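Peer 1: This is the structure, below, for whatever I ask next.
Chains as they are written, first to last, in our numbering: chain L, 5 to 511; chain Z, 6 to 196.
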């Protein structure tokens with residue numbers, strides 16, 4: 005036996021795990037080898053001194069209240085668990101998967117149909133009285149409804165366009181129930197129409213609530229000609245049949261009512277600070293959305309984007325399309341800015357490039373190019389600080405949402421991997437993420453921390469998997485990091501990790 | 006005739022409390038808490054060297070024990086079970102703490118302040134060598150430290166440590182020997 009073998013025996017001796025024979029062997033060696041004897045003496049002394057280390061004892065008051073404090077903690081935890089369950093349930097509800105969004109959209113649509121239907125019923129309760137009177141009066145009253153624009157409705161609660169079928173139902177009901185009263189209310193309506201400021205031209209500024217309700221009541225817009233035709237037929241037919249005809253005309257009209265949507269958009273964001281700077285050919289004002297004010301939620305930005313996409317689909321020849329291009333480009337830019345979702349950025353770039361191909365107006369093209377450049381400049385590489393902080397600190401807030409994503413769109417879970425028992429998969433993800441990070445950002449100041457992250461992840465991964473290959477890979481990786489130029493502090497940390505990992509060698 | 010109540014021994018009594026605690030009886034559990042609170046606190050303090058953290062870990066140990074007592078098998082002893090919880094909590098705490106120190110930008114001044122905070126403990130250790138050993142133990146990686154503490158202060162066997170920390174006996178031995186070697190190395194200049 006050489007000295008190295010006796011070292012192990014010394015430890016076993018200190019732990020009283022040596023049998024008689026081995027003990028004698030060791031004692032014999034110690035009497036002959038000074039180096040081993042010194043080591044034995046030192047270790048023995050260390051052991052004795054370690055045992056003798058005393059710790060301060062808290063006073064009696066501490067012990068008397070200890071169990072009480074434990075009890076309080078248990079009770080509070082039980083309450084929290086209950087609360088957390090509810091919270092979890094609630095948070096699950098508000099996870100917007102595409103399927104859930106569709107269901108939510110359906111529910112919202114139904115509710116809106118109901119609300120608008122109700123408003124329509126309330127309002128149209130008086131319509132039949134207008135339908136029957138003399139030709140001139142009817143035209144005037146109806147024309148007022150169809151042409152008066154309310155482009156700016158500050159302080160109004162935005163009401164999205166309801167389903168096309170809503171007015172139909174409302175009309176049917178009203179026509180049937182209110183028919184006998186038509187004649188009696190005829191005058192009242194025509195008077196009301198006379199009293200209103202009628203501005204059939206573009207950009208009429210009417211902000212009374214009454215008009216707002218009327219606009220909403222109409223929902224799907226009917227071009228003036230179509231409406232007039234419908235009204236002509238209304239004059240000839242019975243009120244009931246006339247309403248059906250009008251509804252049919254409305255139903256055929258599927259184009260988005262930009263005015264309402266604009267109001268919708270304003271409402272989604274901040275009602276203040278919006279200026280109406282441009283208008284569409286039909287006189288509808290387009291709100292100049294201040295995307296950068298930060299008040300727009302990601303959902304609102306998606307609403308805006310989807311609205312303008314639909315607008316382009318439905319109005320391919322509309323000159324206002326150029327605004328749509330810019331609006332979509334803007335919404336993509338800010339959506340990415342908010343979500344940091346690489347998929348959004350890529351989609352946005354693709355979309356703007358498409359617009360650039362079809363757009364002819366130089367001014368629009370220039371604006372689109374600027375947006376494209378900006379979106380591209382946000383780079384495919386992970387914005388290091390944000391991502392690192394997401395991994396490092398998010399978990400401490402106990403949030404369960406995913407807000408950050410990798411260049412390929414992979415979401416980074418908001419967990420603090422130092423605090424929780426993490427799965428091997430997650431630890432592998434951490435290793436891969438930081439390895440990629442180092443590759444993509446070799447000059448980033450956070451690279452050194454990435455070394456430590458990888459080293460830590462390897463350590464925990466081996467502890468979890470007990471996979472010798474992981475350990476070896478980790479050791480190799482840390483040794484490789486040690487060769488790079490890093491600060492002494494980090495070097496020391498890496499050294500410790502390396503030793504830890506080496507010390508974890510399993511049989 | 007009233008049958009005299011059978012006197013329960015320590016283990017039987019403990020078994021009874023555990024059974025009741027499993028049924029949700031917090032009072033029975035409190036008796037167990039009182040029985041082991043000092044041992045658990047000391048264990049946590051040995052690991053953390055900080056009263057506040059030790060207090061927090063000790064309390065959390067019992068909270069965890071109560072919330073998962075249904076998984077406790079009655080053929081085992083209660084104390085090894087809760088000491089395992091305590092050690093796991095302590096190890097996790099130390100890993101976190103160590104990580105946060107290396108990661109955060111602690112200024113030398115802040116580090117100096119930290120030393121001052123632990124001074125009351127140091128004052129208790131009159132022996133300079135002991136002081137040195139104590140701080141060397143503190144610098145051991147948490148898994149090594151855990152093995153050493155269980156061996157030296159809890160006087161557990163290799164097998165018991167292995168069971169407590171859910172590691173193999175070989176790992177226990179390796180960690181213990183390495184821990185000692187490290188302590189010896191850190192005192193090299195001193196001795």
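A virtual CB, placed ideally from N, CA and C, is assigned to each residue, including glycine. Predicted, not measured: the structure shown is a model, and the values here were computed from it.
1. Output the distance between the C-alpha atoms of residue 309 of chain L and residue 374 of chain L, rounded to the nearest integer angstrom.
2. Using the C-alpha atoms, what's the distance from residue 119 of chain L back to residue 522 of chain L?
3. For the region 51 to 68 of chain L against the region 21 to 30 of chain Z, are there 3 or more C-beta pairs whose distance is under 8 Å?
4. Any residues in the region 482 to 503 of chain L with a beta carbon nearer than 8 Å to a beta carbon of chain Z? Which ones, in chain order?
5. Flag this pair as touching only if the region 47 to 54 of chain L and the region 76 to 85 of chain L have three or more C-beta atom pairs under 8 Å; answer yes or no.
6. Taking one C-beta from the region 144 to 160 of chain Z and one from the region 171 to 189 of chain Z each time, how about it: are there three or more such pairs within less than 8 Å?
7. List the residues of chain L whose Cβ lies closer than 7 Å to the Cβ of residue 189 of chain Z, in chain order.
8. Are there 16 or more other CB atoms within 10 angstroms of the CB of residue 56 of chain L, so buried, or fewer, so exposed?
9. Checking 8 Å against the spacing of the C-beta atoms, do residue 336 of chain L and residue 348 of chain L come in under that value?
10. Specify the secondary structure class of residue 325 of chain L as computed by DSSP and reduced to three states.
11. Quick check on DSSP: helix, strand or coil for residue 91 of chain Z?
12. When Cβ atoms are compared, which residues of the region 137 to 157 of chain Z fall closer than 8 Å to chain L?
13. Please check the pair residue 466 of chain L and residue 502 of chain L, which I expect to be a contact at CB under 8 Å, by giving their CB distance rounded to whole angstroms.
14. With DSSP as the reference, label residue 364 of chain L as helix, strand or coil.
15. Cβ of residue 99 of chain Z less than 8 Å from any chain L Cβ?
16. Give the DSSP-derived three-state secondary structure of residue 492 of chain L in the structure shown.
17. Mind checking the region 64 to 78 of chain L against chain Z and listing, in chain order, the residues whose C-beta falls within less than 7 Å of any C-beta there?
18. With the cut-off set at 8 Å, would you say residue 376 of chain L and residue 357 of chain L are in Cβ contact?
19. Determine, using beta carbons only, whether residue 15 of chain L comes closer than 8 Å to chain Z.
20. Run through chain Z and tell me which residues come within less than 9 Å of residue 354 of chain L, C-beta to C-beta.
21. For the alpha helix (DSSP H) holding residue 520 of chain L, just list the boundary residues, first then last.
22. According to the Cβ coordinates, are residue 71 of chain Z and residue 15 of chain Z closer than 8 Å?
23. Looking only at its chain, what residues have a beta carbon closer than 6 Å to the beta carbon of residue 431 of chain L, apart from the 5 residues adjacent to it on each side?
24. Of all Cβ atoms in chain Z, is any one closer than 8 Å to the Cβ of residue 39 of chain L?
25. Starting from residue 276 of chain Z, trace the alpha helix (DSSP H) in both directions and tell me its first and last residue.
26. Identify whether residue 183 of chain Z lies in helix, strand or coil by the three-state DSSP scheme.
27. In whole angstroms, what separates the C-alpha of residue 39 of chain L from that of residue 178 of chain Z?
28. Please list, in chain order, the residues of the region 156 to 189 of chain Z that have any C-beta partner in chain L closer than 8 Å.
29. For the region 9 to 81 of chain Z, which segments carrying the alpha helix (DSSP H) assignment without a break, of at least 4 residues, lie completely within its bounds, in sequence order?
30. Check whether the Cβ of residue 56 of chain L lies closer than 8 Å to any Cβ atom in chain Z.
31. Would you say residue 81 of chain L lies against chain Z (beta-carbon separation less than 8 Å)?
32. Flag this pair as yes or no: are the beta carbons of residue 87 of chain Z and residue 45 of chain Z separated by less than 8 Å?
33. Excluding the 5 residues flanking residue 486 of chain L on each side, which residues of the same chain have their C-beta closer than 6 Å to its C-beta?
34. Spell out whether any CB of chain Z is found under 8 Å from the CB atom of residue 323 of chain L.
35. DSSP three-state call for residue 143 of chain Z: helix, strand or coil?
36. Counting only beta-carbon atoms, is residue 25 of chain Z nearer than 8 Å to chain L?
Peer 2: So, from the data block:
1. 18 Å
2. Since the first residue of chain L shown is 5 and the last is 511, residue 522 of chain L is not available in this structure.
3. no
4. 493, 494, 497, 500, 503
5. no
6. yes
7. 46, 47, 50
8. exposed
9. yes
10. helix
11. helix
12. 138, 139, 142, 146, 148, 149, 153, 156, 157
13. Rounded, the Cβ-Cβ distance is 12 Å, inconsistent with contact.
14. coil
15. no
16. helix
17. 67, 70, 71, 73, 74, 75, 77, 78
18. yes
19. yes
20. What residue 354 of chain L touches in chain Z: nothing, since even the nearest Cβ is about 38 Å away.
21. Any question about residue 520 of chain L goes unanswered here, given that chain L covers just 5 to 511.
22. no
23. 461, 464, 465
24. no
25. Residue numbering for chain Z in the displayed model covers 6 to 196; residue 276 of chain Z lies beyond these limits and cannot be assessed.
26. helix
27. 22 Å
28. 156, 157, 158, 163, 173, 175, 176, 178, 179, 180, 181, 182, 183, 185, 188, 189
29. 15 to 27, 31 to 53, 56 to 72
30. yes
31. yes
32. yes
33. 498
34. no
35. helix
36. no
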